[in-house]
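Peer 1:
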Amino acid sequence: MAYLIYLRKSRMDMEAEARGEGETLARHRTALLALARRMGLEIGAIYEEIVSGETIAARPQMQRLLSEVEAGQWEGVLVMEVERLARGDSIDQGIVSQAFKYSGTKIITPAKTYDPSNEFDEEYFEFGLFMSRREYKTIKRRMVAGRIASVKEGKYMGKTDPYGYFRVKVPNGKGYTLKLNPPQAAIVREVFNLRLQGVGCYMIARRLNARGERTSAGIAWSAQSVRNVLRNCLYAGFVTWGHKAAQPVVRSGVLTKPRRYVADYVKVKGMHPALVSEADFDAVQHLLDSTPGLPLKKGHEIKNPFVGLLYCGKCGHVITYGAAAAAPPCTGRLDCRWAACDNVSSFCADVEDAVLHALRLWLAEYEVDTDQQNSVGRELDDRAAQAQDEIRSIHTAQRKLRTQLDRAAELVEQEIYTPEYFVSRRNQINAQLTELDRALAKASERALCIDRERRASPSMLPKLQHVLEAYPTAQSAQEKNDLLRTVISRIVYLKNAPERSLGDSTIYVEISRKFE
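Read in the UniProt record's numbering, the sequence shown has 307 at position 307, and its numbers run on one by one without any break.
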(Lines of atoms letter the chains of each structure in order from A; the text may use other names.)
(Lines give C-alpha, C1' and ligand atoms only; values in the text may rest on other atoms or scores of the structure.)
Protein backbone atom coordinates (compact mmCIF):
# COMPACT_ATOMS: atom_id res chain seq x y z
CA MET A 1 0.00 0.00 0.00
CA ALA A 2 0.97 3.63 -0.49
CA TYR A 3 1.79 6.29 2.07
CA LEU A 4 0.07 9.62 2.74
CA ILE A 5 1.63 13.01 3.48
CA TYR A 6 -0.29 15.28 5.90
CA LEU A 7 0.63 18.97 6.14
CA ARG A 8 -0.70 21.49 8.65
CA LYS A 9 0.46 24.89 9.86
CA SER A 10 0.87 25.68 13.53
CA ARG A 11 0.37 29.13 15.06
CA MET A 12 4.15 29.55 15.28
CA ASP A 13 4.40 28.79 11.53
CA MET A 14 1.86 31.52 10.78
CA GLU A 15 3.79 34.01 12.89
CA ALA A 16 7.01 33.04 11.09
CA GLU A 17 5.34 33.58 7.70
CA ALA A 18 4.17 37.00 8.86
CA ARG A 19 7.84 37.82 9.56
CA GLY A 20 8.71 36.81 5.98
CA GLU A 21 10.39 33.47 6.75
CA GLY A 22 8.82 31.63 3.81
CA GLU A 23 5.78 29.48 3.11
CA THR A 24 5.56 26.71 5.70
CA LEU A 25 3.59 24.05 3.84
CA ALA A 26 5.90 24.25 0.80
CA ARG A 27 8.97 23.69 3.01
CA HIS A 28 7.33 20.80 4.85
CA ARG A 29 6.13 19.20 1.61
CA THR A 30 9.65 19.33 0.15
CA ALA A 31 11.15 17.86 3.33
CA LEU A 32 8.65 14.99 3.54
CA LEU A 33 8.92 14.15 -0.17
CA ALA A 34 12.70 14.00 0.25
CA LEU A 35 12.24 11.73 3.29
CA ALA A 36 9.94 9.46 1.25
CA ARG A 37 12.53 9.20 -1.55
CA ARG A 38 15.28 8.29 0.93
CA MET A 39 13.12 5.58 2.50
CA GLY A 40 11.80 4.34 -0.86
CA LEU A 41 8.16 5.02 0.06
CA GLU A 42 5.37 5.31 -2.50
CA ILE A 43 3.34 8.50 -1.90
CA GLY A 44 -0.32 8.11 -2.81
CA ALA A 45 -1.66 11.53 -1.80
CA ILE A 46 -0.77 14.80 -0.11
CA TYR A 47 -3.38 16.38 2.20
CA GLU A 48 -2.86 20.05 3.07
CA GLU A 49 -4.88 21.49 5.95
CA ILE A 50 -5.67 25.02 4.83
CA VAL A 51 -7.82 26.00 7.80
CA SER A 52 -6.44 26.38 11.33
CA GLY A 53 -8.63 24.46 13.74
CA GLU A 54 -8.19 23.39 17.35
CA THR A 55 -10.33 20.27 17.00
CA ILE A 56 -10.76 17.45 14.51
CA ALA A 57 -14.26 18.75 13.74
CA ALA A 58 -12.73 22.02 12.47
CA ARG A 59 -10.19 20.29 10.18
CA PRO A 60 -11.79 18.63 7.13
CA GLN A 61 -8.57 17.11 5.77
CA MET A 62 -7.89 15.50 9.16
CA GLN A 63 -11.39 14.00 9.15
CA ARG A 64 -10.72 12.60 5.69
CA LEU A 65 -7.36 11.21 6.81
CA LEU A 66 -8.86 9.47 9.85
CA SER A 67 -11.67 7.86 7.85
CA GLU A 68 -9.14 6.47 5.36
CA VAL A 69 -6.76 5.33 8.12
CA GLU A 70 -9.62 3.53 9.90
CA ALA A 71 -10.45 1.81 6.60
CA GLY A 72 -6.85 0.59 6.32
CA GLN A 73 -6.26 2.49 3.09
CA TRP A 74 -2.70 3.65 3.91
CA GLU A 75 0.44 1.83 5.01
CA GLY A 76 1.59 4.93 6.88
CA VAL A 77 1.29 8.70 7.24
CA LEU A 78 4.22 11.11 6.88
CA VAL A 79 4.04 14.21 9.07
CA MET A 80 6.62 16.71 10.35
CA GLU A 81 5.79 16.02 14.02
CA VAL A 82 3.16 13.87 15.72
CA GLU A 83 1.80 17.10 17.23
CA ARG A 84 0.54 18.07 13.76
CA LEU A 85 -1.97 15.21 13.92
CA ALA A 86 -3.74 16.19 17.14
CA ARG A 87 -3.19 19.00 19.57
CA GLY A 88 -6.69 19.53 20.92
CA ASP A 89 -8.30 17.91 23.93
CA SER A 90 -7.74 14.36 25.16
CA ILE A 91 -10.83 13.10 23.30
CA ASP A 92 -9.43 14.16 19.92
CA GLN A 93 -6.03 12.72 20.73
CA GLY A 94 -7.64 9.44 21.81
CA ILE A 95 -9.51 9.26 18.50
CA VAL A 96 -6.27 9.75 16.56
CA SER A 97 -4.35 7.25 18.69
CA GLN A 98 -6.99 4.53 18.37
CA ALA A 99 -7.41 5.04 14.61
CA PHE A 100 -3.69 4.43 13.99
CA LYS A 101 -3.42 1.64 16.58
CA TYR A 102 -6.32 -0.53 15.41
CA SER A 103 -5.56 -0.09 11.70
CA GLY A 104 -1.83 -0.73 12.15
CA THR A 105 -0.97 2.45 10.23
CA LYS A 106 2.55 3.77 10.82
CA ILE A 107 3.39 7.40 11.59
CA ILE A 108 6.64 8.55 9.99
CA THR A 109 8.39 11.78 10.99
CA PRO A 110 11.90 13.01 10.11
CA ALA A 111 12.92 12.18 13.69
CA LYS A 112 11.26 8.79 14.27
CA THR A 113 8.95 6.14 12.82
CA TYR A 114 6.09 5.12 15.12
CA ASP A 115 4.42 1.73 14.84
CA PRO A 116 1.28 1.96 17.04
CA SER A 117 1.01 -1.84 17.11
CA ASN A 118 4.34 -1.86 19.00
CA GLU A 119 3.79 -1.41 22.74
CA PHE A 120 6.79 0.89 23.29
CA ASP A 121 6.07 3.00 20.20
CA GLU A 122 2.46 3.31 21.31
CA GLU A 123 3.49 4.62 24.73
CA TYR A 124 6.01 7.00 23.16
CA PHE A 125 3.37 8.25 20.70
CA GLU A 126 0.75 8.80 23.41
CA PHE A 127 3.30 10.54 25.63
CA GLY A 128 4.20 12.86 22.73
CA LEU A 129 0.52 13.71 22.24
CA PHE A 130 0.13 14.35 25.98
CA MET A 131 3.10 16.73 26.05
CA SER A 132 1.88 18.53 22.94
CA ARG A 133 -1.49 19.06 24.63
CA ARG A 134 0.19 20.58 27.68
CA GLU A 135 2.27 22.82 25.41
CA TYR A 136 -0.84 23.80 23.46
CA LYS A 137 -2.68 24.81 26.63
CA THR A 138 0.31 26.86 27.80
CA ILE A 139 0.56 28.67 24.46
CA LYS A 140 -3.19 29.31 24.42
CA ARG A 141 -3.12 30.69 27.97
CA ARG A 142 -0.28 33.06 27.06
CA MET A 143 -2.07 34.21 23.91
CA VAL A 144 -5.28 34.97 25.81
CA ALA A 145 -3.31 36.83 28.48
CA GLY A 146 -1.60 38.86 25.75
CA ARG A 147 -4.90 39.75 24.12
CA ILE A 148 -6.44 40.82 27.42
CA ALA A 149 -3.38 42.98 28.09
CA SER A 150 -3.81 44.61 24.66
CA VAL A 151 -7.49 45.29 25.35
CA LYS A 152 -6.63 46.87 28.70
CA GLU A 153 -4.32 49.20 26.77
CA GLY A 154 -7.36 50.29 24.73
CA LYS A 155 -6.45 48.46 21.52
CA TYR A 156 -9.04 46.98 19.16
CA MET A 157 -8.83 43.17 18.90
CA GLY A 158 -11.35 42.56 16.10
CA LYS A 159 -10.20 41.17 12.75
CA THR A 160 -12.47 43.31 10.52
CA ASP A 161 -13.53 46.94 10.25
CA PRO A 162 -16.54 47.61 12.49
CA TYR A 163 -19.28 49.75 10.96
CA GLY A 164 -18.31 53.41 11.30
CA TYR A 165 -14.55 52.84 11.60
CA PHE A 166 -11.41 51.76 9.78
CA ARG A 167 -9.03 49.32 11.50
CA VAL A 168 -5.50 50.82 11.55
CA LYS A 169 -2.13 50.00 13.11
CA VAL A 170 -1.26 51.72 16.37
CA PRO A 171 1.26 54.49 15.57
CA ASN A 172 4.75 53.59 16.80
CA GLY A 173 3.55 50.40 18.46
CA LYS A 174 2.02 46.95 18.09
CA GLY A 175 -1.63 46.13 17.67
CA TYR A 176 -4.58 47.94 16.12
CA THR A 177 -6.92 50.78 16.90
CA LEU A 178 -9.70 52.51 14.94
CA LYS A 179 -10.13 55.71 12.99
CA LEU A 180 -13.41 57.20 11.77
CA ASN A 181 -15.08 56.20 8.53
CA PRO A 182 -16.90 59.55 8.05
CA PRO A 183 -19.92 58.42 5.94
CA GLN A 184 -20.64 55.41 8.15
CA ALA A 185 -19.89 57.34 11.35
CA ALA A 186 -22.59 59.86 10.39
CA ILE A 187 -25.11 57.02 9.99
CA VAL A 188 -24.20 55.58 13.42
CA ARG A 189 -24.81 58.99 15.03
CA GLU A 190 -28.11 59.27 13.15
CA VAL A 191 -29.23 55.84 14.37
CA PHE A 192 -28.58 56.79 18.01
CA ASN A 193 -30.30 60.18 17.61
CA LEU A 194 -33.39 58.62 16.01
CA ARG A 195 -33.68 56.06 18.81
CA LEU A 196 -33.40 58.81 21.43
CA GLN A 197 -36.24 60.62 19.62
CA GLY A 198 -38.43 57.54 20.10
CA VAL A 199 -38.13 56.00 16.63
CA GLY A 200 -38.14 52.19 16.80
CA CYS A 201 -35.44 49.92 15.36
CA TYR A 202 -37.74 48.67 12.61
CA MET A 203 -38.58 52.18 11.38
CA ILE A 204 -34.91 53.23 11.57
CA ALA A 205 -34.03 50.28 9.34
CA ARG A 206 -36.76 51.24 6.86
CA ARG A 207 -35.46 54.82 6.67
CA LEU A 208 -31.91 53.67 6.00
CA ASN A 209 -33.02 51.18 3.35
CA ALA A 210 -35.19 53.81 1.64
CA ARG A 211 -32.02 55.88 1.12
CA GLY A 212 -30.12 52.87 -0.21
CA GLU A 213 -27.81 52.54 2.80
CA ARG A 214 -26.26 49.14 3.48
CA THR A 215 -24.58 47.44 6.43
CA SER A 216 -20.86 46.65 6.48
CA ALA A 217 -21.76 43.24 4.99
CA GLY A 218 -23.40 44.98 2.02
CA ILE A 219 -26.95 43.83 2.86
CA ALA A 220 -30.11 45.73 3.76
CA TRP A 221 -30.64 46.96 7.30
CA SER A 222 -33.00 45.06 9.60
CA ALA A 223 -34.35 45.80 13.06
CA GLN A 224 -31.80 43.37 14.51
CA SER A 225 -28.82 44.97 12.75
CA VAL A 226 -29.93 48.38 14.03
CA ARG A 227 -30.27 46.92 17.52
CA ASN A 228 -26.76 45.46 17.28
CA VAL A 229 -25.36 48.93 16.55
CA LEU A 230 -27.27 50.45 19.46
CA ARG A 231 -26.02 47.76 21.85
CA ASN A 232 -22.35 48.08 20.84
CA CYS A 233 -20.40 50.04 23.44
CA LEU A 234 -17.61 50.47 20.87
CA TYR A 235 -19.47 53.58 19.67
CA ALA A 236 -19.27 55.07 23.18
CA GLY A 237 -15.48 54.73 23.08
CA PHE A 238 -15.03 51.37 24.85
CA VAL A 239 -13.35 48.10 23.88
CA THR A 240 -14.27 44.74 25.39
CA TRP A 241 -12.97 41.20 25.74
CA GLY A 242 -14.88 38.09 26.75
CA HIS A 243 -18.35 39.59 26.40
CA LYS A 244 -19.40 36.46 24.48
CA ALA A 245 -17.67 33.36 25.78
CA ALA A 246 -17.72 29.82 24.39
CA GLN A 247 -19.43 27.51 26.87
CA PRO A 248 -18.95 23.80 26.05
CA VAL A 249 -22.17 21.78 26.02
CA VAL A 250 -22.55 18.04 25.37
CA ARG A 251 -25.80 17.10 23.62
CA SER A 252 -26.49 13.53 22.53
CA GLY A 253 -22.80 12.76 22.92
CA VAL A 254 -21.72 15.64 20.64
CA LEU A 255 -19.62 18.49 22.03
CA THR A 256 -20.67 21.98 20.91
CA LYS A 257 -19.36 25.37 22.02
CA PRO A 258 -22.13 27.96 21.67
CA ARG A 259 -21.10 31.54 22.39
CA ARG A 260 -23.22 33.27 25.01
CA TYR A 261 -23.15 36.69 26.63
CA VAL A 262 -21.58 36.70 30.10
CA ALA A 263 -21.74 39.28 32.87
CA ASP A 264 -18.06 39.15 33.86
CA TYR A 265 -15.93 40.57 31.03
CA VAL A 266 -13.22 43.15 30.37
CA LYS A 267 -14.48 46.62 29.40
CA VAL A 268 -12.09 49.58 29.23
CA LYS A 269 -11.84 52.95 27.51
CA GLY A 270 -10.43 52.49 24.03
CA MET A 271 -7.79 54.42 22.11
CA HIS A 272 -10.30 55.20 19.32
CA PRO A 273 -12.63 58.24 19.17
CA ALA A 274 -16.21 57.76 20.38
CA LEU A 275 -19.17 58.45 18.08
CA VAL A 276 -21.73 59.07 20.85
CA SER A 277 -21.44 60.26 24.42
CA GLU A 278 -21.65 57.83 27.33
CA ALA A 279 -24.81 59.58 28.53
CA ASP A 280 -26.55 59.08 25.17
CA PHE A 281 -25.39 55.46 24.99
CA ASP A 282 -26.74 54.72 28.48
CA ALA A 283 -30.04 56.42 27.62
CA VAL A 284 -30.42 54.23 24.54
CA GLN A 285 -29.69 51.09 26.60
CA HIS A 286 -32.47 52.09 29.00
CA LEU A 287 -34.89 52.49 26.07
CA LEU A 288 -33.93 49.09 24.65
CA ASP A 289 -34.23 47.38 28.04
CA SER A 290 -37.68 48.89 28.63
CA THR A 291 -39.07 47.47 25.35
CA PRO A 292 -37.62 43.96 24.98
CA GLY A 293 -38.91 41.37 22.54
CA LEU A 294 -40.48 38.76 24.82
CA PRO A 295 -41.14 35.09 24.04
CA LEU A 296 -44.55 33.51 24.55
CA LYS A 297 -45.28 33.52 28.27
CA LYS A 298 -46.02 30.32 30.11
CA GLY A 299 -49.73 29.60 30.11
CA HIS A 300 -50.44 31.81 27.06
CA GLU A 301 -51.72 30.50 23.73
CA ILE A 302 -50.42 31.21 20.24
CA LYS A 303 -52.57 33.49 18.07
CA ASN A 304 -51.04 32.64 14.69
CA PRO A 305 -52.33 29.42 13.07
CA PHE A 306 -49.43 29.57 10.58
CA VAL A 307 -46.59 29.74 13.09
CA GLY A 308 -43.53 27.94 11.70
CA LEU A 309 -45.20 27.44 8.30
CA LEU A 310 -45.68 30.83 6.58
CA TYR A 311 -42.75 32.51 4.78
CA CYS A 312 -42.41 35.64 2.65
CA GLY A 313 -42.45 35.09 -1.12
CA LYS A 314 -40.14 38.07 -1.72
CA CYS A 315 -37.37 37.89 0.88
CA GLY A 316 -37.86 34.43 2.41
CA HIS A 317 -38.22 35.62 6.01
CA VAL A 318 -40.87 34.35 8.41
CA ILE A 319 -44.29 36.02 8.19
CA THR A 320 -45.32 37.20 11.66
CA TYR A 321 -48.69 37.80 13.30
CA GLY A 322 -49.72 41.13 14.79
CA ALA A 323 -52.89 42.64 16.20
CA ALA A 324 -54.88 44.93 13.89
CA ALA A 325 -57.17 47.65 15.25
CA ALA A 326 -59.71 47.32 12.43
CA ALA A 327 -59.45 43.54 12.15
CA PRO A 328 -62.47 41.23 12.22
CA PRO A 329 -63.05 39.41 15.52
CA CYS A 330 -60.43 36.83 16.51
CA THR A 331 -57.96 37.74 13.79
CA GLY A 332 -54.99 39.99 13.18
CA ARG A 333 -52.69 40.80 10.31
CA LEU A 334 -49.90 38.69 8.86
CA ASP A 335 -46.91 40.73 7.75
CA CYS A 336 -43.26 40.39 6.74
CA ARG A 337 -41.31 42.47 9.26
CA TRP A 338 -38.10 42.55 7.21
CA ALA A 339 -37.44 46.26 6.79
CA ALA A 340 -36.34 46.11 3.14
CA CYS A 341 -39.29 43.96 1.99
CA ASP A 342 -42.41 45.40 0.32
CA ASN A 343 -44.63 42.33 0.59
CA VAL A 344 -48.10 43.63 1.59
CA SER A 345 -49.77 42.39 4.77
CA SER A 346 -53.18 40.69 4.93
CA PHE A 347 -55.79 39.79 7.51
CA CYS A 348 -55.12 36.36 8.95
CA ALA A 349 -58.64 35.24 8.01
CA ASP A 350 -58.02 36.12 4.36
CA VAL A 351 -54.81 34.08 4.29
CA GLU A 352 -56.66 31.17 5.90
CA ASP A 353 -59.24 31.31 3.09
CA ALA A 354 -56.47 31.30 0.45
CA VAL A 355 -54.72 28.33 2.06
CA LEU A 356 -57.95 26.32 2.39
CA HIS A 357 -58.76 27.06 -1.27
CA ALA A 358 -55.32 25.74 -2.26
CA LEU A 359 -55.93 22.61 -0.18
CA ARG A 360 -59.28 22.03 -1.92
CA LEU A 361 -57.55 22.25 -5.31
CA TRP A 362 -54.95 19.81 -4.03
CA LEU A 363 -57.69 17.45 -2.86
CA ALA A 364 -59.29 17.61 -6.31
CA GLU A 365 -56.03 16.33 -7.81
CA TYR A 366 -56.37 13.15 -5.74
CA GLU A 367 -60.08 12.67 -6.47
CA VAL A 368 -59.54 11.56 -10.08
CA ASP A 369 -60.58 8.46 -11.94
CA THR A 370 -58.51 5.29 -12.14
CA ASP A 371 -57.00 6.07 -15.56
CA GLN A 372 -55.69 9.41 -14.31
CA GLN A 373 -54.30 7.79 -11.16
CA ASN A 374 -52.47 5.25 -13.29
CA SER A 375 -51.12 8.08 -15.45
CA VAL A 376 -49.84 9.90 -12.36
CA GLY A 377 -48.27 6.66 -11.13
CA ARG A 378 -46.49 6.12 -14.45
CA GLU A 379 -45.21 9.70 -14.37
CA LEU A 380 -43.80 9.16 -10.88
CA ASP A 381 -42.17 5.90 -12.02
CA ASP A 382 -40.53 7.73 -14.95
CA ARG A 383 -39.27 10.51 -12.67
CA ALA A 384 -37.90 7.95 -10.22
CA ALA A 385 -36.06 6.12 -13.03
CA GLN A 386 -34.57 9.40 -14.29
CA ALA A 387 -33.39 10.27 -10.77
CA GLN A 388 -31.73 6.86 -10.37
CA ASP A 389 -30.04 7.22 -13.80
CA GLU A 390 -28.68 10.60 -12.73
CA ILE A 391 -27.34 9.14 -9.47
CA ARG A 392 -25.61 6.30 -11.34
CA SER A 393 -24.00 8.73 -13.82
CA ILE A 394 -22.71 10.87 -10.93
CA HIS A 395 -21.19 7.80 -9.25
CA THR A 396 -19.48 6.90 -12.54
CA ALA A 397 -18.05 10.42 -12.89
CA GLN A 398 -16.78 10.29 -9.30
CA ARG A 399 -14.99 6.99 -9.92
CA LYS A 400 -13.30 8.41 -13.03
CA LEU A 401 -12.08 11.48 -11.14
CA ARG A 402 -10.70 9.39 -8.28
CA THR A 403 -8.87 7.24 -10.84
CA GLN A 404 -7.40 10.43 -12.34
CA LEU A 405 -6.28 11.52 -8.86
CA ASP A 406 -4.57 8.19 -8.26
CA ARG A 407 -2.89 8.41 -11.66
CA ALA A 408 -1.64 11.92 -10.88
CA ALA A 409 -0.10 10.63 -7.64
CA GLU A 410 1.69 7.89 -9.60
CA LEU A 411 3.09 10.47 -12.02
CA VAL A 412 4.54 12.41 -9.06
CA GLU A 413 6.28 9.27 -7.83
CA GLN A 414 7.71 8.74 -11.33
CA GLU A 415 8.85 12.41 -11.24
CA ILE A 416 6.82 13.20 -14.36
CA TYR A 417 4.67 15.65 -12.35
CA THR A 418 6.28 18.10 -9.94
CA PRO A 419 4.76 18.20 -6.44
CA GLU A 420 3.50 21.73 -7.15
CA TYR A 421 1.72 20.63 -10.33
CA PHE A 422 0.27 17.62 -8.53
CA VAL A 423 -1.19 19.85 -5.80
CA SER A 424 -2.70 22.11 -8.48
CA ARG A 425 -4.13 19.12 -10.34
CA ARG A 426 -5.41 17.58 -7.12
CA ASN A 427 -7.17 20.82 -6.19
CA GLN A 428 -8.88 20.89 -9.59
CA ILE A 429 -10.07 17.31 -9.23
CA ASN A 430 -11.21 17.88 -5.64
CA ALA A 431 -13.21 20.92 -6.79
CA GLN A 432 -14.94 18.76 -9.41
CA LEU A 433 -15.59 16.06 -6.79
CA THR A 434 -17.12 18.67 -4.49
CA GLU A 435 -19.49 19.79 -7.27
CA LEU A 436 -20.42 16.17 -7.93
CA ASP A 437 -21.07 15.64 -4.21
CA ARG A 438 -23.50 18.57 -4.27
CA ALA A 439 -25.19 17.23 -7.41
CA LEU A 440 -25.43 13.79 -5.82
CA ALA A 441 -27.02 15.23 -2.68
CA LYS A 442 -29.62 17.08 -4.78
CA ALA A 443 -30.35 14.04 -6.95
CA SER A 444 -30.67 11.81 -3.88
CA GLU A 445 -33.05 14.32 -2.28
CA ARG A 446 -35.17 14.39 -5.46
CA ALA A 447 -35.27 10.60 -5.55
CA LEU A 448 -36.30 10.53 -1.88
CA CYS A 449 -39.07 13.10 -2.47
CA ILE A 450 -40.38 11.13 -5.46
CA ASP A 451 -40.37 7.94 -3.41
CA ARG A 452 -42.23 9.67 -0.60
CA GLU A 453 -44.78 11.03 -3.07
CA ARG A 454 -45.33 7.58 -4.57
CA ARG A 455 -45.90 6.08 -1.14
CA ALA A 456 -47.93 9.03 0.17
CA SER A 457 -50.40 9.41 -2.70
CA PRO A 458 -52.87 6.75 -1.44
CA SER A 459 -52.68 7.92 2.21
CA MET A 460 -52.83 11.68 1.56
CA LEU A 461 -56.49 11.71 0.46
CA PRO A 462 -57.99 10.94 3.90
CA LYS A 463 -55.56 13.37 5.58
CA LEU A 464 -56.61 16.22 3.29
CA GLN A 465 -60.28 15.44 3.78
CA HIS A 466 -59.83 15.47 7.55
CA VAL A 467 -58.01 18.84 7.53
CA LEU A 468 -60.68 20.50 5.36
CA GLU A 469 -63.49 19.12 7.53
CA ALA A 470 -61.91 19.86 10.92
CA TYR A 471 -60.23 23.24 10.26
CA PRO A 472 -63.41 25.43 10.25
CA THR A 473 -64.49 24.02 13.62
CA ALA A 474 -61.06 24.17 15.29
CA GLN A 475 -61.25 26.09 18.56
CA SER A 476 -57.71 27.51 18.76
CA ALA A 477 -54.80 28.64 16.62
CA GLN A 478 -52.73 25.78 18.07
CA GLU A 479 -55.31 23.22 16.92
CA LYS A 480 -55.37 24.77 13.43
CA ASN A 481 -51.58 24.76 13.29
CA ASP A 482 -51.46 21.08 14.26
CA LEU A 483 -53.95 20.23 11.50
CA LEU A 484 -52.01 22.11 8.82
CA ARG A 485 -48.74 20.45 9.81
CA THR A 486 -50.16 17.01 8.99
CA VAL A 487 -50.22 17.86 5.25
CA ILE A 488 -48.06 20.99 4.83
CA SER A 489 -44.33 21.55 5.38
CA ARG A 490 -44.13 25.19 4.19
CA ILE A 491 -46.35 27.98 2.81
CA VAL A 492 -44.97 30.85 0.71
CA TYR A 493 -47.07 34.05 0.90
CA LEU A 494 -47.12 36.89 -1.66
CA LYS A 495 -49.27 39.99 -2.04
CA ASN A 496 -48.34 42.91 -4.29
CA ALA A 497 -50.86 45.64 -3.36
CA PRO A 498 -53.24 46.53 -0.51
CA GLU A 499 -56.99 45.84 -0.79
CA ARG A 500 -58.01 49.44 -1.48
CA SER A 501 -55.44 50.12 -4.21
CA LEU A 502 -55.89 49.73 -7.97
CA GLY A 503 -53.09 47.15 -8.11
CA ASP A 504 -53.19 43.38 -7.80
CA SER A 505 -54.35 42.72 -4.23
CA THR A 506 -54.73 38.97 -4.75
CA ILE A 507 -53.20 36.76 -2.06
CA TYR A 508 -50.91 34.14 -3.57
CA VAL A 509 -49.91 31.10 -1.53
CA GLU A 510 -47.61 28.29 -2.63
CA ILE A 511 -47.87 25.17 -0.51
CA SER A 512 -45.05 22.66 -0.06
CA ARG A 513 -46.71 19.30 0.47
CA LYS A 514 -45.67 17.05 3.31
CA PHE A 515 -44.96 13.49 2.13
CA GLU A 516 -44.35 11.17 5.05
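We treat Cβ as the ideally placed atom computed from N, Cα and C, and that holds for glycine. Since this is a predicted model, take the numbers as computed values, not measurements.
What's the C-alpha gap between residue 508 and residue 357?
Peer 2: 11 Å
Peer 1: Under the DSSP definition of a beta bridge, which residues are partnered with residue 77?
Peer 2: Paired residues: 4, 107.
Peer 1: As a quick exercise: from 106, 217, 206, 230, pick the residue whose alpha carbon is nearest that of residue 196.
Peer 2: 230
Peer 1: Pick out the complete alpha helix (DSSP H) segments inside the segment 105–158, 4 residues or longer, and give them in chain order.
Peer 2: 119–152
Peer 1: Taking the beta carbon of residue 184 as the centre, do at least 16 other beta carbons fall within 10 Å, making it buried, or is it exposed?
Peer 2: buried
Peer 1: From residue 193 to residue 317, what distance separates their C-alpha atoms?
Peer 2: 28 Å
Peer 1: Keeping to the same chain, check which residues put their C-beta closer than 6 Å to that of residue 208; ignore five residues upstream and five downstream.
Peer 2: 221
Peer 1: Which stretch, first to last residue, makes up the beta strand (DSSP E) that contains residue 471?
Peer 2: Where residue 471 is concerned, there is no enclosing beta strand (DSSP E), given that its DSSP letter is neither H nor E.
Peer 1: Give a yes or no on whether the minimum CB-CB distance between residue 395 and chain C is below 9 Å.
Peer 2: Looking for chain C here will not work: only one protein chain is present.
Peer 1: How about the segment 33–47 and the segment 62–80: do they share at least three Cβ pairs that are nearer than 8 Å?
Peer 2: yes
Peer 1: Is DSSP giving residue 306 helix, strand or coil here?
Peer 2: coil
Peer 1: So, with DSSP's three-state summary, where would you put residue 235?
Peer 2: helix
Peer 1: Name, in chain order, the residues that DSSP records as bridge partners for residue 348.
Peer 2: Note: residue 348 sits in no beta bridge, so no partner.
Peer 1: Helix, strand or coil for residue 335? Go by DSSP, reduced to three states.
Peer 2: Residue 335 falls in the strand class under three-state DSSP.
Peer 1: Nearest by alpha-carbon distance to residue 487: which of 477, 463, 505 is it?
Peer 2: 463
Peer 1: Measuring alpha carbon to alpha carbon, tell me which residue in 110, 223, 98, 58 is nearest residue 70.
Peer 2: 98
Peer 1: Verify whether the separation of the beta carbon atoms of residue 313 and residue 494 is less than 9 Å.
Peer 2: yes
Peer 1: Per DSSP, what are the beta-bridge partners of residue 169 in this structure?
Peer 2: 176
Peer 1: Can the beta-carbon of residue 491 be found less than 9 Å from the beta-carbon of residue 321?
Peer 2: For the 9 Å CB-CB criterion, residue 491 and residue 321 do not form a contact.
Peer 1: Within 8 Å, do at least three Cβ pairs link the segment 144–159 to the segment 168–187?
Peer 2: Segments in contact, yes.
Peer 1: Here's a check: name, in chain order, each residue in its chain whose Cβ is nearer than 7 Å to the Cβ of residue 8, leaving out the five neighbours to either side.
Peer 2: 49, 84
Peer 1: Am I right that residue 408 and residue 426 are in contact with their C-beta atoms under 8 Å? What's the rounded C-beta distance?
Peer 2: 6 Å
Peer 1: When DSSP labels each residue in this structure, what does residue 416 get in the three-state scheme?
Peer 2: coil
Peer 1: Use the C-beta contact count for residue 246: other C-beta atoms within 10 angstroms, 16 or more gives buried, fewer gives exposed.
Peer 2: exposed
Peer 1: What residue from 126, 133, 66 has the CA that sits closest to residue 103's CA?
Peer 2: 66
Peer 1: What residues match up with residue 494 in a beta bridge as DSSP calls it?
Peer 2: 508
Peer 1: Reducing DSSP to helix, strand and coil, say where residue 362 ends up.
Peer 2: helix
Peer 1: Could you check what DSSP says for residue 59 in three-state terms: helix, strand or coil?
Peer 2: coil
Peer 1: So, for residue 417: in the same chain, excluding its five sequence neighbours on each side, which residues have a beta-carbon less than 8 Å away from its beta-carbon?
Peer 2: 408, 411, 425
Peer 1: Between residue 34 and residue 132, what straight-line distance do the alpha-carbon atoms span, to the nearest angstrom?
Peer 2: 26 Å
Peer 1: Below 6 Å CB to CB, which residues in the same chain sit around residue 128 once its five sequence neighbours on both sides are set aside?
Peer 2: 82
Peer 1: State the Cα-Cα distance for the pair residue 136 and residue 242, rounded to the nearest angstrom.
Peer 2: Distance from the CA atom of residue 136 to the CA atom of residue 242, rounded to whole angstroms, is 20 Å.
Peer 1: Given a cut-off of 9 Å on the beta-carbon distance, is the pair residue 262 and residue 511 in contact?
Peer 2: no
Peer 1: Spatial neighbours of residue 152 within its chain, please: C-beta separation below 8 Å, excluding the five flanking residues on both sides.
Peer 2: The answer, listed in chain order, is 266, 268.
Peer 1: Alpha carbon to alpha carbon, what distance is there between residue 181 and residue 167?
Peer 2: 10 Å
Peer 1: On the DSSP bridge list, what partners appear for residue 43?
Peer 2: 3
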